[in-house]
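Some notes on the structure that comes next.
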Amino acid sequence: MAVSQESGGMTAGQLELLFGNEEDKHRYRPGSRPGLWGKYEKGTVSPRIKSIEKGKPSLVERVEEKFPGTAKWMTMPFWDLLSDRPMSMDDLQRIYRSLSSDVRDLIVDDPSEEYLQFWHTQVSTEQLCRQLLDIGSIDAISAILALVREGVIKQSLSDFECAYKYWNQCLELMSEDPILKMEIRTIYALVYKQIEDDEAVVDDYDAEENFW
């Protein structure tokens with residue numbers, strides 16, 4: 008959960024004390040806590056986004072109330088696109104429609120009255136990627152990654168290679184973001200594994216080496 012920057016760099020233990028279950032806090036001792044925040048940090052488990060108890064906010068909702076802007080990191084389409092699960096054009100359409108309006112409106116067209124099934128802009132991938140890179144937001148970066156996957160789905164090598172070229176420029180943008188730069192090697196490795204090398208693993212990327 009990407010809260011450490013917004014919370015002034017609090018440790019996992021401090022966050023656990025701040026947001027832990029009130030009924031159990033009295034039992035917390037150094038070295039004797041549930042350790043969930045450490046697991047959140049490593050990505051081995053995820054906190055519940057929506058509460059299942061009526062009238063009681065979820066952990067994500069409680070953190071959002073104290074540190075506004077953190078919840079978006081849990082629900083970004085970007086994470087779906089990093090997954091290696093198969094995607095269809097219907098999946099990509101759902102993702103495109105969920106992005107911010109400045110990004111969405113570049114890609115999603117109003118269908119014509121004659122052909123309702125055509126929702127995708129006919130603007131070239133090159134032009135789309137240039138416009139998205141100029142926007143430079145996480146939603147724009149997500150759209151470029153979606154265009155990479157779209158090229159594979161459509162089996163259009165030219166569209167794939169074009170979007171992938173711009174995706175590599177997105178990595179430079181992410182390396183300047185205070186949150187995303189912390190996971191840039193993992194992001195690089197996940198996309199590389201998806202696209203180029205089924206044997207690639209995240210642990211192969213040495214944190215001591217220069218990335219670029």
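Quick note: the sequence shown uses our numbering, first residue 8, plus one each step. Note that CB positions come from ideal geometry on N, CA and C, so glycine has one too.
Limits of the alpha helix (DSSP H) - the one that residue i falls within
i, result
"T132", "132–142"
"K61", "No alpha helix (DSSP H) contains K61, which DSSP labels as neither H nor E."
"F85", "84–89"
"E190", "First-last for E190: undefined, no H or E at that position."
"A78", "Neither: A78 is in no alpha helix (DSSP H) and is coded neither H nor E."
"E157", "145–161"
Buried/exposed call for residue i, threshold 16 Cβ in 10 Å
i, result
"Q176", "exposed"
"S149", "buried"
"Y122", "exposed"
"Q134", "exposed"
"V198", "buried"
"E168", "exposed"
"W86", "exposed"
"V155", "buried"
"D166", "buried"
"V67", "buried"
"E203", "exposed"
"T82", "exposed"
"L99", "buried"
"D211", "With a pLDDT of 45 at D211, under the threshold of 50, the modelled position of that residue is not reliable, and the figure given next carries that caveat. D211 should be labelled exposed."
Bridge-paired residues (DSSP) for residue i
i, result
"V115", "H127"
Collapsed DSSP secondary structure at residue i in the structure displayed
i, result
"A196", "helix"
"I202", "helix"
"S95", "coil"
"F167", "helix"
"Q176", "helix"
"Y103", "helix"
"D109", "helix"
"E68", "helix"
"D184", "coil"
Residues of its chain near residue i, where Cβ-Cβ distance is below 6 Å and the 5 sequence neighbours each way are ignored
i, result
"P118", "F125, W126"
"S107", "D146"
"E71", "T77, A78"
"T128", "I114, D116"
"S105", "P84"
"L139", "A147, A150, I151"
"P93", "none"
"I102", "P84, A153"
Contact set for residue i: own chain, Cβ-Cβ below 7 Å, skip 5 residues either direction
i, result
"D109", "I142"
"M304", "Given a span of 8 to 219 for the chain in the structure shown, any question on residue 304 remains unanswerable."
"Y173", "C136, L140, I151"
"D91", "K200, Q201"
Own chain residues within Cβ distance below 8 Å of residue i, not counting five before or after
i, result
"I191", "L178, M181, S182, F218"
"I194", "L89, L178, M181, L187"
"Y171", "V155, G158, I202"
Interface flag, residue i vs chain D, CB-CB below 7 Å
i, result
"E72", "Structure shown: chain D not included; a single protein chain is present."
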